[in-house]
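So the structure is just underneath, and the comments pick up after that.
Residue numbers (this note's numbering): 74 to 235.
If you want it as C-alpha cells, here you go:
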C-alpha cells in the first residue's frame with residue numbers, strides 16, 4: 074500500500090521538528106559548556122545526537138515507503154538561559170511539544186488506516202515517554218536544589234555519566 078501524500082508531508086514536517094530539536098539541544102550543550110557545567114553539556118550533546126538519529130529514522134522510513142524526503146532548514150535556537158533549571162525546564166516543555174506532534178502523527182496514521190506507519194510510530198511514542206521522564210526528573214532535582222551549588226555540581230557529575 075502506498076503511503077499517502079498527507080502522511081509524507083506530515084513526516085517531512087516531523088523531520089524538520091527533529092532537526093530543530095537537535096539544534097536546540099546542541100545550543101543548550103554550548104550554553105552549559107560555557108557555564109562550566111560539563112556534565113550537563115555532555116547530557117545535552119547526547120540528546121542532540123539522539124534527535125539527529127530520530128530524524129534519520131524518519132528519513133529511512135520514508136525511503137522504505139518509496140516517498141520523497143525533504144531536508145528542511147533548521148530554526149536558530151535560543152542560546153542563553155538564566156540557569157540550568159531554566160534550560161532543563163525548556164527541554165522538558167520541548168519534549169512535551171514533540172510528544173504532542175508524535176501523537177498527531179499517530180492520529181493521522183490511524184485515520185488513514187496506515188498500519189505500517191502506526192507500527193513505526195509506536196517506537197516514537199515509547200521514546201517520548203522516556204524523554205519526558207528523563208527531563209522531568211532532572212527538572213525536579215534542580216527545583217529541589219534551588220541555588221545550592223554543591224547540589225548542582227552533584228547533578229552535573231551525575232549527568233556526565235550518560
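The C-beta atom is built at its ideal place from N, Cα and C for all residues, glycine as well.
Take the alpha-carbon of residue 130 and the one of residue 202: they are about 18 Å apart.
About 5 Å separates the beta carbons of residue 110 and residue 229, which is inside the 8 Å limit, making them a contact pair. For residue 229, the enclosing alpha helix (DSSP H) stretches over residues 222 to 232.
Considered as a whole, the region 91 to 134 harbours no complete run of any alpha helix (DSSP H) with no fewer than 4 residues. DSSP, reduced to helix, strand and coil, places residue 77 outside both helices and strands of the structure shown, so it counts as coil.
Within its own chain, the residues whose Cβ lies closer than 7 Å to the Cβ of residue 97, once the five positions on either side in sequence are excluded, are 150, 167, listed in chain order. Pairing residue 81 with residue 140 gives a Cβ-Cβ distance under 8 Å. Taking a 10 Å sphere around the C-beta of residue 92, we find 16 or more other C-beta atoms and assign the residue as buried. The alpha helix (DSSP H) runs lying completely inside the region 157 to 185 and spanning 4 residues or more are 157 to 184, given in chain order.
Taking C-beta atoms as the reference points, residue 215 and residue 112 fail to come closer than 8 Å. In the three-state reduction of the DSSP assignment, residue 88 falls in the helix class, which pools H, G and I.
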